[in-house]
Amino acid sequence: MEHRSLIQRLVAKPEFGPFVLLVVEVAVFWSINPDFLSPLNISNTLAFTVELGLIALAMTLLMTSGEFDLSVGSLFGFSPVLMWTLFNAGVVSLPLAFVVALIVAAIIGYVNGWFVTRLKIPSFLVTLGMLLVVRGTALFVTDGFPQRTWKADGNWLATILVGDFYVGPFRIYASLFWFIAAVIILGYLLTKTRTGNWIQAAGGNPGAARARGVQVDRVKVGLFMLSSTMAALAGIISSIRTSAANPNSGTGYELEVIAMVVIGGTALTGGRGTIIGTVLGILILRIMRNGIVLIGVPGLAYNIFIGAIILGMMALHSWLERRHQAGT
Amino acid sequence: MVEPLIKMEKIRKSYGRVTALDGVDFQVNHNEIVGLLGDNGAGKSTLIKVLSGAVPLTSGAIHVRGKKVDFHSTSDAIAAGIETIYQDSALVTQLSIARNLFLGREPIKGPRFLNRMDQDEMNRVARDLLKQVGISKNIPPTTPIGSLSGGERQAVAIARAMYFDSDLIILDEPTNNLGVAETQGVLSFVRNARDSGHSCIFIAHNIHHVFQVVDRIVVMRRGKVVADNIDPKTTSVAAVEDVITGMSELTGGAHAH
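So the sequence lines, in the order shown, correspond to chains V and P.
Per UniProt numbering, the very first residue in the first sequence carries number 1; after that it's consecutive.
Per UniProt numbering, the very first residue in the second sequence carries number 1; after that it's consecutive.
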């Protein structure tokens, strides 16, 4: 194999396409409406972006292992409802309710993983079923009404999760740091550790991985649990920030999250995943949603742009993949 | 006399009413390349699957270095030093050469809880191994398997088996779909493996490939071994073909127990 120049190698990276798209996007929105880069707009956009981003990061690892999780949106709605219901009923303290909600989410992830690995049912069907069960439970226990959340103000747990402060004109939420921590930890896990090698092998060629003694099923179950728990954490953070625990919240998030992950260059079929790409994918979609409103495009047209981005990026990734496989 | 590396005795394997192996005796000696030949349905694949732990045997016994073994999975067989290389299926195409070599046995660097792979060490060993197995081109160990040719992939799989001290490397149709030069490459990888102390079972449809590399030929037909000591140096290809098709029962050193 001949030596390739730095630029050629950079272009061949799956993150390159999304990076260029992000830069173009920011440049276009900013040139049309300078308010796009105002501190207020950046602060507002960032607050919700990192919440959805937490789910996308966990989904990246799960999808690299060859599975995906449609139940994350329903957990985003269900977990805060569970936490606030427990707390409002006076049964437990807020931190304990928080821990219980996360444990329940982890158990739901375990059940997803058990159905997929033991019963060999495709994750599409398993997590679709779980989506309905979890969403249905949230609606049933609340009669469809939002839960009271106002007692969170000043609670230390709420401050740690999503307390806000100003850096100059920027309003920063603590959730941003949780997001950055998750990027670093999960990025390290995927690219530097043995576990990361197993995750990629589990998605790329599970038979070969098993033959080498890799516990493919255990890896997948673990990632299903991570995905549910992160969705629960994101939902709880969001509910504290907006002072609302609506059993309907998170509807449709699963598809937006999966779109973020694949736009970033992670393969839907598994074997190849990138955390940096997912960060770019998260920013691309959230900035698109924010930007088209700011430049005056009707919000209802949002999905047209998202769909076009997904199709365009998939075409690019598939083209790069084929070039790469051909060894050029 | 030295114990053979592998000794399979009176192996029977039935799938329901179909008997795939009907009392097979088969052995592999140390430092030997055995060619396993037979028509489709003769029982070669089943015999290999039994030996590699992929399917359980119905009755009979397998001895490795004189010790009876009981394989419940391919990992058991790998632990006993038997590595099976099926074309293409043994490697993860998205991962690099080095990551494939060490898959499941990655060396750790630094504190254990950080679980960090020692990628420098992996790349160093991979580079040495590729040279040792006989790949002359300069392929970086970070190259994904997906961009290697069929022959190079075989080489990586063989290198992995050699590095992890598999005593027996089973190659199932390693030269299928390969060009002439690539085939010669794979045959030389197999010779290198024997010269560094490994035994091989070589299965191929192309008898000429088998003749070029093996020390001894075993022929199966309808679930039985019909010749187990054919010397490729003193026997003609045509004569072996006759044994495979059943035209002749006694050719070369067949049945020379």
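For glycine and all other residues, C-beta sits at the position ideal for the given N, C-alpha and C.
These numbers come from a predicted model, not from an experiment.
* Cα-Cα separation, Gly213(V) to Gly104(P) -> 6 Å
* In or out: Ile7(V) buried (at least 16 other Cβ within 10 Å) or exposed? -> exposed
* To do: For Met230(V), collect the residues of the same chain with a Cβ closer than 6 Å to its Cβ; drop the 5 residues on either side in sequence, then sort them by chain order.
  => Leu54, Ile55, Ala58
* **Element boundaries [beta strand (DSSP E), containing Asp25(P)]** => 18–28
* Any idea what DSSP makes of Lys131(P), helix, strand or coil? -> helix
* Asked: I think Ala232(V) touches Leu102(V), with their Cβ atoms under 8 Å apart; what is that distance to the nearest whole Å?
  -> 6 Å
* How would you list, in chain order, the residues of chain V whose beta-carbon sits under 9 Å from the beta-carbon of Ser75(P)? -> Arg210, Ala211, Arg212, Gly213
* To do: Flag Arg218(V) as yes if its beta-carbon sits less than 8 Å from any beta-carbon of chain P, otherwise no.
  => no
* Asked: To which residues of the same chain is Glu3(P) closer than 7 Å at the C-beta, ignoring the five residues directly before and after it?
  -> Arg65, Gly66
* Could one say the Cβ of Gly195(V) lies closer than 8 Å to chain P's Cβ atoms, at least one of them? -> Correcting the residue type first, residue 195(V) is Thr in the shown sequence and not Gly. Yes, contact with chain P.
* **C-beta neighbour in chain P for residue 330(V), strict 8 Å** => Since the displayed chain V opens at 1 and closes at 328, residue 330(V) lies outside it and no answer follows.
* Evaluate residue 308(P) with the Cβ neighbour count: other Cβ atoms within 10 Å of its Cβ, from every protein chain shown; 16 or more gives buried, anything less gives exposed. => Absent from the structure is residue 308(P), since the part of chain P shown begins at 1 and ends at 257.
* Identify the residues that DSSP records as bridge partners of Arg216(P): which are they? -> Val34(P)
* Leu178(P) touches chain V at which residues, Cβ-Cβ below 7 Å? -> The premise fails here: Leu178(P) is roughly 17 Å from chain V at the closest Cβ pair, so nothing lies under 7 Å.
* Asked: Cβ of Ala106(V) less than 8 Å from any chain P Cβ?
  -> no
* Euclidean distance between Cα positions of Ile82(P) and Val104(V) -> 44 Å
* **Leu46(V) versus Ser175(V): straight-line alpha-carbon distance, rounded** => 10 Å
* What is the rounded straight-line gap between the Cα of Ala245(V) and the Cα of Asn88(V)? -> 12 Å
* Could you tell me which residues DSSP puts in a beta bridge with Leu168(P)? => Ile82(P), Ser199(P)
* Is the shortest distance between the beta-carbon of Gln200(V) and the beta-carbons of chain P less than 8 Å? -> yes
* Asked: Does the separation of the CB atoms of Gly77(V) and Asn290(V) fall below 8 Å?
  -> no
* **The alpha helix (DSSP H) enclosing Glu9(P), as first and last residue numbers** => Run containing Glu9(P): none in the alpha helix (DSSP H); it sits in the beta strand (DSSP E), 6–15.
* Measuring CB to CB, does Asp167(P) end up less than 8 Å from Tyr86(P)? -> no
* Would you list the one or two residues that DSSP bridges to Phe170(V)? => Val167(V)
* Residue burial classification, Asn112(V) (beta-carbon count within 10 angstroms, cutoff 16) -> buried
* Answer yes or no: do Leu255(V) and Leu61(V) have a C-beta to C-beta separation smaller than 8 Å? => no
* Hey, how far is the Cα of Ser43(V) from the Cα of Val11(V)? -> 31 Å
* To do: Could you tell me which residues DSSP pairs with Met117(P) in its beta bridges?
  => Ile108(P)
* Under a three-way DSSP split, which group does Gln154(P) fall into? -> helix
* To do: Say whether chain P places a C-beta atom closer than 8 Å to the C-beta of Lys192(V).
  => yes
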